[in-house]
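Peer 1:
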Amino acid sequence: ITIPSGASIGMHSHEEDEEVITVISGKGVLKINEDSYAIKKGDISLTKKGHFHSIENNNDEDLVLLAVINYLKEENL
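The numbering used here puts the first residue of the sequence shown at 620, with every later residue one more than the last.
Put into C-alpha cells, the structure is as follows:
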C-alpha cells in the first residue's frame with residue numbers, strides 16, 4: 620500500500636479479521652481506537668479483531684506499507 624503525502628486511510632474497523640502492518644518506507648501517524656502513534660520505516664503494528672484504526676501520511680514522501688490480513692474463523696477462536 621502506498622499512501623501519498625497528505626493522504627490517509629480513514630478510520631475503519633476489523634470486525635472479522637486482524638491486520639499486521641509493516642512500514643517499508645516513510646513516516647506517518649497510526650491511530651488505533653483512541654490512541655495515536657508515530658510510525659516509521661521498520662515499525663510493525665497489529666490491529667486486533669474488533670478494533671478500529673487509520674493511517675495518515677503527514678510527511679513529504681510516500682508512506683509505503685505491507686499489510687497482511689488474517690481472516691479469523693469462528694472455530695479457530
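Just so it is clear, CB atoms sit at the ideal spot from N, CA and C, and this is done for glycine as well.
Closest to Val642 by C-alpha separation, out of Asp681, Ser627, Lys660, Asp636, would be which residue?
Peer 2: For the residues Asp681, Ser627, Lys660, Asp636, the minimum Cα distance to Val642 belongs to Lys660.
Peer 1: May I ask you to report which of helix, strand or coil DSSP gives Ile622?
Peer 2: Residue state, collapsed to three classes: strand.
Peer 1: For the beta strand (DSSP E) containing Lys668, name the first residue and the last one.
Peer 2: Element bounds for Lys668: n/a, residue is neither H nor E.
Peer 1: At what residues does the beta strand (DSSP E) containing Lys660 begin and finish?
Peer 2: Premise fails: Lys660 is in no beta strand (DSSP E) and is neither H nor E.
Peer 1: Quick one, are the C-beta atoms of Ile628 and Gly647 less than 7 Å apart?
Peer 2: Their beta carbons are not under 7 Å apart, which means Ile628 does not touch Gly647 by this criterion.
Peer 1: So for Gly645, helix, strand or coil by DSSP?
Peer 2: Of the three classes helix, strand and coil, the one that applies to Gly645 here is coil, per DSSP.
Peer 1: In three-state terms, what does DSSP make of Asn689?
Peer 2: Three-state DSSP puts Asn689 in a strand.
Peer 1: Measuring straight from C-alpha to C-alpha, what distance separates Ile620 and Val683?
Peer 2: The alpha-carbon atoms of Ile620 and Val683 are separated by roughly 6 Å.
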